[in-house]
Every structure is written in C-alpha cells, then in structure tokens.
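Trainee: Before we start, here is the structure in question, set down as structure tokens.
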Amino acid sequence: MKSDRWWAVTKDPLKYRWLMFWVIGAIYFLACLHRISPTVIALDLVLEFGAGATALGLMSSSYFYLYAAVQPPVGVLSDTLGPRRVITIFTLIACIGTVIFGSAYNMTMVTVGRALIGLGVGGIFVPGMKILSKWYRQREFAGAAGIFLAAGNAGNLAASLPLTYLVLLLGWRMSSFAIGAFTLLLAVISWSILRDNPEDKGWKRIEEGPNPSSPAEDDLPETVKPHTRFRIVLSKPGFWMITISTFFFGGPGLTFQGLWAVPYLMDVYGYSRIQAGGLLMMLPLGFVIGAPAFGFLSDRVSLGRKGILLCSLGLSLACSTVFLLTGGKPGSLILGPLFLIMGSCGGGSLSLYMTITKELFPPWLTGTALGLMNPAAFLSTAMFQPFTGFLMDVVGRSGPAYPLAAYYNVFIVMFICMVIGFVSIIPLKIQRTRLYSDHP
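Shown next, in the form of structure tokens:
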C-alpha cells in the first residue's frame with residue numbers, strides 16, 4: 475500500500491514537487507537552526523573558553539560573513555550548474571563545519587567550524603528558491619515561498635527551547651555531532667530526490683508567469699556570462715531599494731534573535747535559560763506564521779506586494795519603538811506578544827523581499843538576482859553582531875551579567891536601522907499584475 479502511494483507521488487508532478495519542497499525545507503530548517511544556535515550555547519562557550527561579548531560576536535558573525543560572501547557565486551551556479559548539485563555539495567560542507575564546531579578545543583576552532591557552517595548553508599536558500607521558480611507558477615510562487623521560509627525557519631523555533639533542552643541533555647558538543655549526522659543524511663536524500671525542473675523527470679514545463687523584463691534581456695540565452703548577469707541585475711533601481719531595506723531590517727533582527735535575546739532576557743529580567751528559551755520561541759513561531767500569511771495575502775489582496783511589505787515593516791518598526799519608549803525593558807506581560815509580532819513581520823518581510831526580487835527579472839536571472847540580494851541581511855548581521863558586542867563591552871558587565879544600559883544602546887541602533895529600511899521601500903515601483911485573477 476505504501477509502495478503504491480510512493481509510486482503515485484513519483485508519477486505526478488504536482489505531488490512530486492511537494493516531496494521536493496519538504497526535502498529542501500528540511501535542509502533550510504537546519505540552516506536556520508545553525509543561524510540562531512549561538513544564543514543558546516553562548517554561556518557554555520563563556521564557561522569553557524572564557525569568551526567575552528566581542529569574541530562571541532566575532533564567532534557568531536563568521537557564519538554571516540561566509541554566508542553573505544557565497545551568495546553571488548551560488549546564484550550563478552544555481553542558474554548554470556543547477557540547484558540540485560549546488561544544494562547537495564553545500565549541504566556536505568555544512569556537515570563538515572558542524573563536526574569541526576563540535577570538536578573545537580578553543581575559540582579559534584569554534585569560529586572556523588562556524589564559518590564553514592555558514593559557507594555550507596549559504597548554498598541552500600537561493601538554489602531552493604530557484605527550484606520553486608521552476609516548479610510553481612507565478613501566481614503560486616509567493617505563497618509557496620512563504621511556506622518554504624516557514625518550514626525552514628521552524629529551525630529558528632527549534633533553536634530556542636528544543637535546542638536548549640538538547641544541549642542540557644547531551645551537551646553542546648554531542649548536540650553538534652547529532653546535527654551533523656542529520657545533515658549528512660539530508661545531503662544524500664537531496665541528491666536522490668531533487669530535480670532542477672520538471673523536464674528532468676520527463677514532464678512538461680510548468681507554466682511560467684510573465685516577469686517584467688526588457689526585450690534585450692529576454693533575447694539573452696541562459697548561457698550568458700556571469701558579469702553580464704551581474705550588470706543587468708545591478709542596473710535596476712528596484713533591486714537596490716529592496717537590498718538596502720533588507721540590509722537595514724534583516725541585520726538588527728537576526729542579531730537580536732540569534733545572539734543577544736537569551737542573554738538579554740536572563741540579564742535584564744532574571745529569567746532562567748529554560749524560561750528565556752521558551753519566550754524566545756515566540757520570534758520563530760511568529761516567523762513561521764507570518765512568512766506564508768503575508769505571502770498569500772500579497773498573492774490575493776489588491777493592496778499589492780509593496781503595500782503588504784510596508785505594512786509588515788511598519789509593524790516591526792512600531793515594536794522597536796516600544797523598546798525605546800520603555801527604556802529597553804517593556805513589561806514582562808507584553809514581551810511574548812511583542813516577540814510574536816516581530817517574528818511574524820520578519821517572516822512576511824523576507825517572503826516579500828524574495829518574491830519582489832524574483833519578479834523584477836526574467837526566469838533565467840532568478841538565481842543571480844536572489845544571490846546578489848540575499849547577502850544583504852547576512853552581511854549586515856556579520857557587521858552588526860561584533861559592533862553590538864563592542865557597544866555592550868563599552869558599558870561593561872555588572873558581575874557576570876550585562877546591565878540594561880548595554881542592551882538599550884543596541885535597541886537605539888536597531889531603531890535607526892529600521893527607519894532607514896522602511897524609508898528605502900517607499901519609492902519602489904512594481905509592475906502591477908493580477909496574479910490573483912484565477913481565485914474566485
């Protein structure tokens with residue numbers, strides 16, 4: 475009976491694409507788990523290696539530097555070599571980095587392992603989106619991309635309370651080895667199941683929606699040289715507006731969630747690690763809800779992609795304002811709702827950033843465009859993490875903990891960055907198409 479169901483899946487392109495979808499989603503799940511994990515093990519690294527805030531910031535940011543640096547070549551490779559090969563190879567690199575991280579005997583080795591993890595998982599998201607662009611119609615893409623982001627960012631959810639329990643049960647080293655083994659398994663599965671497009675399975679091409687592009691761009695072959703691809707993408711003003719907004723919104727959010735959220739809750743509110751990890755779950759839980767919700771809304775509501783994006787960014791900015799107006803310490807009763815809204819808006823914004831970027835260019839430039847835009851948030855995070863660590867070290871510790879004043883400086887910088895990110899979207903012009911015309 476099970477074999478009959480499996481046979482049916484492998485013979486139906488609409489079912490098979492969902493099988494691939496969940497394979498890619500599982501790998502992206504691990505990428506997001508790695509992204510946020512330092513906030514859970516930060517105290518373990520302090521106790522074992524005597525790491526300070528600046529050292530922790532540099533270690534955590536190494537992931538983002540490598541992740542950001544690899545995005546443009548990964549984009550080109552996704553358009554030329556094919557996303558299946560790219561995903562498999564880079565998943566194996568992430569596996570190696572995870573093993574090195576768990577085997578580390580000093581902070582230098584921890585940082586090397588963390589950097590390799592960033593390099594490896596940096597080859598997952600863009601080729602994953604490339605596969606979606608080949609297997610889903612344009613009117614389906616924003617919703618599918620939102621679910622993909624939600625599935626992957628369940629890893630952020632797992633990097634809060636579940637990872638906290640795993641580290642308490644196994645220790646941070648054995649936890650790394652277990653994650654590495656699972657990563658290796660997913661690399662094997664990805665090579666076995668993923669296909670670049672329906673034609674690779676002998677099926678007809680999925681209907682492509684119209685992407686706005688000039689006639690000169692449409693006439694270019696898919697074998698066009700990388701520098702020409704870069705020139706076309708970088709010459710569009712809309713690309714820069716999206717990228718600037720991603721830079722100033724993504725970095726502060728990832729820094730807070732991925733490095734300082736748990737220490738902040740423990741230092742300022744006196745929560746235990748378990749309590750802080752439980753509250754931190756509100757951020758990724760919101761992301762998992764917001765990414766598909768905002769994506770589906772933008773597919774169906776006449777307000778359009780830009781209008782929905784501005785609503786999402788505006789809500790995030792309002793939450794940041796609450797932290798400023800309360801001196802960096804909102805009431806404990808509203809922390810959960812604040813984190814949930816921040817996570818939901820973060821997921822919705824990222825889903826729309828990716829969808830709008832994809833729709834600014836023809837299909838053969840999807841990987842390159844996303845590969846050039848996607849590093850923005852991670853480069854920002856790589857810069858922001860050690861910078862905020864420096865700001866906190868300037869204030870100094872009060873015993874083993876950082877005082878509220880140290881975290882308040884971080885919230886001020888976050889607010890300024892978010893204002894810039896919001897304003898940069900206002901002049902964005904998007905070609906309006908009735909993507910929702912098929913829905914009654």
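What the sequence shown shows, in the working numbering, is residues 475 to 914, in sequence order.
Just so you know, even glycine gets a beta-carbon here, dropped at the ideal spot from N, CA and C.
(1) Given a cut-off of 9 Å on the beta-carbon distance, is the pair Asp-829 and Ser-772 in contact?
(2) Could you name each continuous alpha helix (DSSP H) segment of 4 residues or more that falls completely within the region 577-608, going from the start of the chain to the end?
(3) Buried or exposed: where does Gly-576 fall if 16 or more other Cβ atoms within 10 Å of its Cβ makes it buried?
(4) Mind checking which residues open and close the alpha helix (DSSP H) that includes Ala-750?
(5) Determine the closest residue to Lys-803 out of Gln-859, Leu-834, Ala-735, with distance taken between C-alpha atoms.
(6) Considering only the beta carbon of each residue, do Asp-741 and Leu-519 sit closer than 9 Å?
(7) For the alpha helix (DSSP H) holding Phe-835, just list the boundary residues, first then last.
(8) Buried or exposed, going by whether 16 or more other CB atoms sit within 10 Å of the CB of Arg-679?
(9) For Leu-606 and Thr-800, I'd like the C-alpha separation in whole angstroms.
(10) Using beta-carbon positions only, say whether Ser-664 and Thr-572 come within less than 9 Å of one another.
(11) Quick check: what's the CA-CA separation for Ile-570 versus Phe-864?
(12) Which residue wins for smallest C-alpha separation from Asp-486, given the options Thr-702, Phe-704, Leu-846, Trp-609?
(13) Once the 5 residues before and after Val-514 are set aside, which same chain residues still bring their CB inside 7 Å of it?
(14) Is Ala-875 helix, strand or coil when you go by DSSP?
(15) Are the region 834-853 and the region 756-772 in contact at 8 Å, needing three or more beta carbon pairs?
(16) Tell me which residue opens and which closes the alpha helix (DSSP H) that Thr-840 is part of.
(17) Do Gly-596 and Ser-825 have their C-beta atoms closer together than 9 Å?
(18) Would you please state the rounded distance, in angstroms, between the beta carbons of Ala-625 and Tyr-502? I believe it to be under 8 Å.
(19) Within a Cβ cutoff of 7 Å, which residues of the same chain sit near Leu-809, ignoring the five residues on either side of it in sequence?
(20) What is the residue span of the alpha helix (DSSP H) that Asn-627 lies within?
(21) Is Leu-759 near Ser-823, with beta carbons less than 9 Å apart?
(22) Helix, strand or coil for Lys-489 per DSSP?
(23) Would you mind working out which of Pro-901, Tyr-876, Val-893 sits nearest Leu-517, comparing C-alpha positions?
Mentor: According to the structure shown:
(1) For this step, residue 829 is matched to residue 355 along the sequence shown. For this step, residue 772 is matched to residue 298 along the sequence shown. Reading off the sequence, residue 829 comes out as Thr, not Asp. A contact, by the Cβ cut-off of 9 Å.
(2) 581-595
(3) Here residue 576 refers to the residue found at position 102 when the sequence shown is read from its first residue. Answer is buried; the Cβ neighbour count reaches 16.
(4) Here residue 750 refers to the residue found at position 276 when the sequence shown is read from its first residue. Here the alpha helix (DSSP H) through Ala-750 covers 747-754.
(5) Along the sequence shown, read from residue 1 onward, the residue named residue 803 stands at position 329. Closest option to Lys-803, Cα to Cα, is Ala-735.
(6) Here residue 741 is taken as the residue at index 267 of the sequence shown, counted from 1. Here residue 519 is taken as the residue at index 45 of the sequence shown, counted from 1. For Asp-741 and Leu-519, no; Cβs fall outside 9 Å.
(7) Against the sequence shown, residue 835 aligns to sequence position 361. Counting along the chain, Phe-835 falls outside any alpha helix (DSSP H), and DSSP gives it neither H nor E.
(8) On the sequence shown, position 205 is the one that residue 679 refers to. Classification of Arg-679: exposed, given that the 10 Å Cβ count is below 16.
(9) The residue given as residue 606 occupies position 132 in the sequence shown. The residue given as residue 800 occupies position 326 in the sequence shown. Straight-line Cα distance between these residues: approximately 43 Å.
(10) Position 190 of the sequence shown, counting from 1, holds the residue named residue 664. Position 98 of the sequence shown, counting from 1, holds the residue named residue 572. No, these two residues do not count as a Cβ contact at 9 Å.
(11) Along the sequence shown, one-based indexing puts residue 570 at 96. Along the sequence shown, one-based indexing puts residue 864 at 390. Cα to Cα, Ile-570 sits roughly 30 Å from Phe-864.
(12) One-based indexing of the sequence shown puts residue 486 at position 12. It is Trp-609.
(13) Along the sequence shown, read from residue 1 onward, the residue named residue 514 stands at position 40. Result list for Val-514: Ala-633, Leu-637, Thr-638, Val-641, Val-736, Gly-751, in chain order.
(14) The count along the sequence shown starts at 1 and reaches residue 875 at position 401. Strand at Ala-875.
(15) Touching, no, given that fewer than three Cβ pairs across the two stretches are closer than 8 Å.
(16) By 1-based counting over the sequence shown, the position of residue 840 is 366. Where Thr-840 is concerned, the enclosing alpha helix (DSSP H) stretches over 840-847.
(17) Along the sequence shown, read from residue 1 onward, the residue named residue 596 stands at position 122. Along the sequence shown, read from residue 1 onward, the residue named residue 825 stands at position 351. Cβ atoms of Gly-596 and Ser-825: not closer than 9 Å.
(18) As a working note, residue 625 is residue 151 in the sequence shown. As a working note, residue 502 is residue 28 in the sequence shown. With a Cβ gap of about 7 Å, Ala-625 and Tyr-502 count as contacting.
(19) The residue you call residue 809 lines up with position 335 of the sequence shown. So the qualifying residues of the chain are Leu-753.
(20) Here residue 627 corresponds to residue number 153 of the sequence shown, with the count starting at 1. From DSSP, the alpha helix (DSSP H) with Asn-627 extends over 612-632.
(21) Your numbering for residue 759 matches position 285 in the sequence shown. Your numbering for residue 823 matches position 349 in the sequence shown. Contact: no.
(22) Within the sequence shown, the letter at position 15 stands for residue 489. It is helical.
(23) In the sequence shown, residue 517 corresponds to position 43, counting from 1. Residue Tyr-876 is the option with its Cα nearest to Leu-517.
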